[in-house]
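According to the numbering used here, the sequence shown holds residues 7 to 976 in order.
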Amino acid sequence: MHTELTDSSTSEIIQKIYQSASLKEDINPSNEGSIFLHNGELDSEDYFLPDSNNRTEGFVIQLQSGIPINLKATSTDFTPFIIILERGNPDTRLIVRGANEVIFTPSNSTEHFVFVTSQQENAVGEFYFEINYLSDGAKVINHLTELSESGINGANQRESDKASEQFIEGLEIAREINYFSAQISFLRNLGTLYRNREQPTTSNTYYEEAFDLAEALGDIKAAANILQEIANNKESIGLLAESNSIREEAIDLLEDSDQNYSDLIASLLIDIATSYSPVGDYIQSFNYFERAKDICSQDHCNSDTTFRLLFGEGSLNIEIGAPITAVEQLQEALSLLCEVCEEEPSSSLYRDVYAENHNFSAVISALGLAYKYLDEFDSAVELFETALQFSELAGSNSRAAILANLGDLYRENGEYIKAIELLRESLSLSESLDDEQGILVALVNLGVAFEESGQAEQALDIYSRSLRISQSNDNLIGEADTLHNLGTLYISLEEFAAAEEHLLKASDLFEEMRNESLNDFSKISLLNRQQNTYKSLQVSLVEQGKELDALSFSERGRTGAFLDLLSQQLPTGFSEVSEAQTDIDSIAAFAQQKQTTFIEYSIIDVNLDGFERTLYVWVVSPQGEITFRQKSLEGIDLASLVTNTRQAMGVRGTDRNAPVPTYSPEQLAQLQAEQDEQLRQLHDILIDPITDLLPDDPNQPVVFIPQGELFLVPFPALIDDNGDYLIENHTILTAPSIQVLQLTNNIATRRDGASIDKPVIVGNPTMPTVTFLTDDGEFVDTQLSPLYGALQEANAVSEFLGASALTGDQATEAAVKQQIAGADLIHLATHGLLEYGDPRETGTRDVPGAIALTPGSGEDGLLTSAEILQMDLQADLVVLSACDTGRGRITGDGVIGLSRSFIAAGVPSVVVSLWAVPDAPTADLMTEFYRQLDQGQTKAQALRQAMLITMQDHPDLKDWAAFTLIGESE
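Structural data, given as structure tokens:
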């Protein structure tokens, strides 16, 4: 029987009962052994229970918390049924299970309403009601308290069998006397006990019973807490989506209540945020942390929730490579823990408070990890050793993980004897705990330590064991990582065929995981992880003389996630072309079809014993011939060389309105010499090894396919030994990969790009407000500065094309979105924000990149990469003549900035700038570019001619060399 008294009529019934009741005065306040007797009658004048035909008569009685009572109703006319409600909480559905007699233990010292009714319809007649306060009630409650404390102590001392006995005995007693809050408490204790035993199914059996009882009692907070525990169990067995659905259910339950449960809501949001990090969905993780932070900033969460928020964000920032931010958050979390302790960590108070608390061990260990990534070896060692001490005091299972981190730290520092000792201890401890993940981590780190210390035989044995465990448990990530480690070990042993075999298996596993239902962000994160596998595979193939096969895997490792998006823009027949196009015959045939020279670079910077950093270069000629060259990078910091070159060029960064520095003639001469020297060095590394393979015809297109930092190289401005710029002798394009070119070519064949009929031109919109991280570490809202030169550029382009431009207040995000959907040309002269989407820069969690437009009509004025990715654009060309729109965050996909989003949205050709170009030269160059297109030049030829003509009036190369064409030339 589950009778509910929850609607407005119930409140009316209770109010009338209370007004007429005089029973509470008859109750002995001592609550020991007194008996209340009452003769009553159900008749046609009594109240009806809501939504039923059952009449009821009610009483008011004063009860004391934790003191059990026996209630009994008898009748010769009908079978009585007893219902109890707590005064002041009429929505509490406290249904005493029983017929005419129950034992009940109240949770609160307050007045309660007792209803006598019947399960029979229209029951009437006399009844006799009796209340008996149990004289030994206090003793029973004390015994329950003792059982609870004894069980908890047993659990803390890992005496789980003893704890289970205590909890079950307490649960049975609580059931016997209908002490509902105690039942919930014992059920939750049993759930936690079995969760710690790693028996989540049994654990949830207890939690679910506790939830049903809490829900019946209307105890919203307890119900939400139990849902949180059920969700944690679901997550522990890999049911991430189901666990977060349960957490969202708990949040909805709390938000629907009239009470303020901000702490618990924030805690649930933190759980969801934390769950997304291990699967690489960092955007979701940041979003949920942000929601929790918003709640805590408004309602001042308690110290426990605030600690979890700081610790969670700090751990996430370690994972995404932001250790400085992580240190700040983790130190704040540590300070929060210390607020309850006296001065010294060694004080007895400190030890007493935290001997049973895992938090100190966890946060100090995380700080150690952050300092490890900051290359602060001594600080990291000290922190890990301190964390070990606290894990021992707390009896924490985290000791094995801390030992693994400490051992790996010594390994990275070259102290292999100490590293192996610590890692073996970590492995032994993980084995004793039957911790599969801990065993795998220790084995992998131990294998690497043996490998780096020259103990190949031991490393092979360790890796083989790790592989068996991963395979037996269907751990694909662990299996792929171990296969990679075995492959690199075989390379160091110069057993290249064996290396190829294992690395191929690893790459296939990564592909299998990437083909699962992951979002774009997660696929790119996974691809970043497998980059070293593809690079190592290229080494194993090149060392066997299989240079052409290595090109195929260079292609496979570049743009997997991007190609998934791009293939969605193609007819059905093209959606499966990706893998087929990585074979050598297809690559050669495509070069012949396009009469184009392809130059693909691969930076081999993986840590392989006995192999130096090398630049691999493949040149595919218009005749379909493929030539392989390589250049040693020993002693060359390629990333620094690219950065120094840009600095020597005087590139102004991301602010188009920044004042141009003034230099003396001597300073200008020195800067010019440095600039030319840097550009010659880049030419020496990137072009000289393949000069003889470049076409003699300057109009024949040459497509550079960079990798990593090479995407920021201004190829047109590279200087040869004769002092000539590369653009003077060649028509230059860039692309993320040959596969992307093949697919953009397929898109272009479906478009009629012969004329420009529906251009959309945007220049200098009324700028939106964007949040930026200041040097002081605070996020501040800043309105972007206007770009008056962009207005000049947009007007010049629109005049040449005979079209109107969207400028100022007209260039709203809503208007631009509407118009670009059907445009054949999109020209955007405005701010390009490549830091947008990086929470470390703008506080925003999104796919990186945004274009500044005018806000309004519900739009924030930022056309984001994520929004562009959802579009189906018909344009043949997009020009991003904005600030640094070619300088997006370089991912493992080899695709950068907003250009990636536009190509994925169906645009075959994108012109981007690699730096903020001065206004007047930009207007001249863009106008000339469209003039050349109008005269029948291809996009690549038109851009080349525009550069050559612009450099006549603006010889400073930063005025003309910034632009590059990505994608299709025709």
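Even glycine gets a Cβ: it sits at the ideal position worked out from N, Cα and C.
Taking Asn138 as part of the beta strand (DSSP E), name the residues at either end of that continuous run.
Gly131 to Tyr139
Secondary structure at Gly862, three-state DSSP: helix, strand or coil?
strand
Taking DSSP as the reference, what is the three-state secondary structure of Glu334?
helix
For Leu110, write down the residues that DSSP places opposite it in a beta bridge.
Correcting the residue type first, residue 110 is Phe in the shown sequence and not Leu. Answer by DSSP bridge pairing, in chain order: Ile75.
The beta strand (DSSP E) with Asn770 in it runs from where to where?
Pro765 to Pro771
Apply the 10 Å Cβ neighbour rule to Gln958 and answer buried if 16 or more other Cβ atoms are within range, or exposed otherwise.
exposed
On the CB-based measure, 16 or more other CB atoms within 10 Å of its CB, does Gln234 come out buried or exposed?
Answer is buried; the Cβ neighbour count reaches 16.
Applying the criterion that 16 or more other CB atoms from any shown protein chain within 10 Å of the CB defines a buried residue, is Leu674 buried or exposed?
With fewer than 16 Cβ atoms within 10 Å of its Cβ, Leu674 is classed as exposed.
Report the option in Ile89, Gln335 and Lys600 whose CA atom is closest to the CA atom of Leu747.
Lys600
Helix, strand or coil for His118? Go by DSSP, reduced to three states.
His118 carries a strand assignment under DSSP once its states are collapsed to helix, strand and coil.
In the stretch 698-737, which residue ranges form an unbroken beta strand (DSSP E) of at least 3 residues, counting only runs that do not cross its ends?
707-711
May I have the straight-line CA-CA distance separating Gly460 from Gly320, to the nearest angstrom?
36 Å
Assign Gly320 to one of three DSSP states: helix, strand, or coil.
If DSSP states are grouped into helix, strand and coil, Gly320 belongs with the helices.
Under 7 Å, do Ser608 and Ser560 count as touching if we go by C-beta distance?
yes
I'd like to confirm the pairing. Which residues does DSSP put opposite Asn471 in its beta bridges?
It should be noted that the sequence gives Arg, not Asn, for residue 471. Note: Arg471 sits in no beta bridge, so no partner.
Counting only the same chain and skipping the five closest in sequence on each side, list residues whose C-beta sits under 7 Å from that of Ala298.
Ala272, Leu275, Ile276, Ala279 and Leu315
Within 10 Å of its beta-carbon, does Thr956 have 16 or more other beta-carbons around it, so buried, or fewer, so exposed?
buried
Is it buried or exposed for Gln172, if we count other Cβ within 10 angstroms and need 16 for buried?
buried
May I have the straight-line CA-CA distance separating Asn266 from Glu338, to the nearest angstrom?
26 Å
Among Thr933, Ala911, Ile236 and Leu904, which has the Cα closest to the Cα of Ser919?
Leu904
If Val913 sits next to Leu886, beta carbons under 8 Å apart, how far is it from one beta carbon to the other, in whole angstroms?
Beta-carbon to beta-carbon, Val913 and Leu886 are separated by about 11 Å, too far to satisfy the 8 Å threshold.
May I ask you to verify whether the stretch 725-735 touches the stretch 679-698, counting CB pairs closer than 8 Å and requiring at least 3?
yes
Which residue's Cα is closest to the Cα of Ala332: Val450, Tyr377 and Asn479?
For Ala332, the nearest C-alpha among the options comes from Tyr377.
In three-state DSSP terms, what is Leu48?
Correct three-state label for Leu48: strand.
Between Asp925, Met519, Leu48 and Asn231, which lies nearest to Glu132 when the distance is taken from Cα to Cα?
Leu48
Could you give the residue range of the beta strand (DSSP E) that holds Thr62?
Arg61 to Gln68
If I measure Cβ to Cβ from Arg201 and keep anything under 8 Å in the same chain, skipping five residues before and after, which residues do I get?
Within the same chain, Cβ atoms closer than 8 Å to the Cβ of Arg201 are found at Ser209, Glu235, Asn238, Asn239 and Ser242, the five residues on either side in sequence being excluded.
Quick one: what does DSSP say Arg164 is sitting in, helix, strand or coil?
coil
Would you mind reading off the limits of the alpha helix (DSSP H) that contains Gln636?
Counted as a single uninterrupted DSSP element, the stretch harbouring Gln636 is not any alpha helix (DSSP H) but the beta strand (DSSP E) occupying residues Ile632 to Ser638.
Going by beta carbon distance, what residues of the same chain come within less than 7 Å of His118, once the five residues before and after it are set aside?
Ile67, Leu69, Ile90, Leu91, Glu92, Arg93 and Pro112
Verify the contact flag: Ser907, CB atom, against every heavy atom of the ligand GTP, threshold strictly below 6 Å.
What this structure holds is no ligand at all, so the ligand GTP is not there to describe.
Are the beta-carbon atoms belonging to Ala835 and Ala796 less than 7 Å from one another?
yes
Please return the same chain residues whose Cβ sits closer than 8 Å to the Cβ of Leu389, not counting the five positions on each side in sequence.
Closer than 8 Å at Cβ, skipping near neighbours: Ile370, Ser371, Leu373, Gly374 and Tyr377.
So, does the stretch 512-520 touch the stretch 536-548, judging by three or more C-beta pairs under 8 Å?
yes
Starting from the Cα of Thr944, find the closest Cα among Ser558, Gly973 and Leu963 and give me that residue.
For Thr944, the nearest C-alpha among the options comes from Gly973.
Near His257, what residues of its chain come up, given a Cβ to Cβ distance below 6 Å and the 5 sequence neighbours on each side ignored?
First, the residue type needs correcting, since residue 257 is Ile and not His in the sequence shown. Same-chain partners within the cutoff: Ile271 and Leu274.
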